[in-house]
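Just below is one structure, and these are the notes that go with it.
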Amino acid sequence: MDFLEPLNQSLFLLVNADPATPVWRIHAALLVANKLILLLPCALAALWLWGGQAQRSLTLKILVSIGAALCISALFGALWPHPRPFTLGLGHAFFQHKATASFPSNHTIIIATLAFALIFDRRWAGWGWATLLLAAIVGMSRVYLGVHFPLDIAGGLVLAPVAAGVAIPVWNLVGAPLTGLLQTLYRKVLALPIARGWIRA
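The numbers in my numbering rise by one with no breaks, and the one at position 20 of the sequence shown is 412.
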């Protein structure tokens, strides 16, 4: 991958903001880069709490897929610990970040894996493509703010369908008993809200 590094750095410097960037743009980018991902647990909780059997099955497939994606990301980080731009003295970083491996972008791979789980389900493909666009926007905002390289984002987008494509068929084979167990546990733990009709049984 060393042959791509000059291109990677050149693209980073083209996208990365600089100290003359208007403050409102930096704040908007910070919102996109660090806060939009918080919608993911909210969306999954809503799918489970107010959705039917199909939505709950999809929620579990998404969670398993994201778990697989994070394992893949950790493996790449351990085997190929690519430094972040600010550790190389490149560009400008607009928020503090630990000097962990940059490839692939975890924010990007998490949101993109959700997107591909939706796309692979077909019934949710429209939402999936919209979510994939969101993953790219979140990823590029992190390049803009100086904590990732463009290839980190591309890596997350490429590895996400691999994670979902492997995890979902495995879950379809072995996940049915666990789904029933989780449903039972959920109904016992949240028996009162269910009884009052606040959430679905």
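Glycine included, each C-beta is placed from N, C-alpha and C at the ideal position.
Span of the alpha helix (DSSP H) around residue i
i, result
"D394", "Element bounds for D394: n/a, residue is neither H nor E."
"D513", "N498 to D513"
"W440", "L431 to W442"
"L480", "First-last for L480: undefined, no H or E at that position."
"W416", "V415 to N426"
Under the three-state DSSP convention, the category residue i falls into
i, result
"K490", "coil"
"V550", "helix"
"A485", "coil"
"L467", "helix"
"R534", "helix"
"G572", "helix"
"F404", "helix"
"W521", "helix"
"L539", "The displayed chain sequence assigns Val, not Leu, to residue 539. The answer is coil: DSSP assigns V539 none of H, G, I, E or B."
"D410", "coil"
"G567", "coil"
"P561", "helix"
Closest by C-alpha distance to residue i, when choosing among the options
i, options, result
"L405", "L551, F478 and I501", "F478"
"N400", "D410, W563 and L543", "L543"
"F495", "I529, L467 and G520", "L467"
"I545", "P398, L403, L439 and D394", "L403"
"V424", "V535, L436 and G572", "V535"
"A409", "L565, H540 and G572", "H540"
"G520", "A435, L573 and V415", "A435"
"W472", "P569, P561, D394 and G481", "D394"
Residue j beta carbon less than 8 Å from that of residue i
i, j, result
"V407", "M532", "yes"
"A509", "L524", "no"
"N426", "L462", "no"
"I501", "I429", "no"
"T505", "I458", "yes"
"L431", "L537", "no"
"A460", "V558", "yes"
"H474", "A491", "no"
Do the segment 443–458 and the segment 537–551 meet, that is, are 3 or more Cβ pairs less than 8 Å apart? no
Contact between the segment 478–494 and the segment 512–527: three or more CB pairs below 8 Å? no
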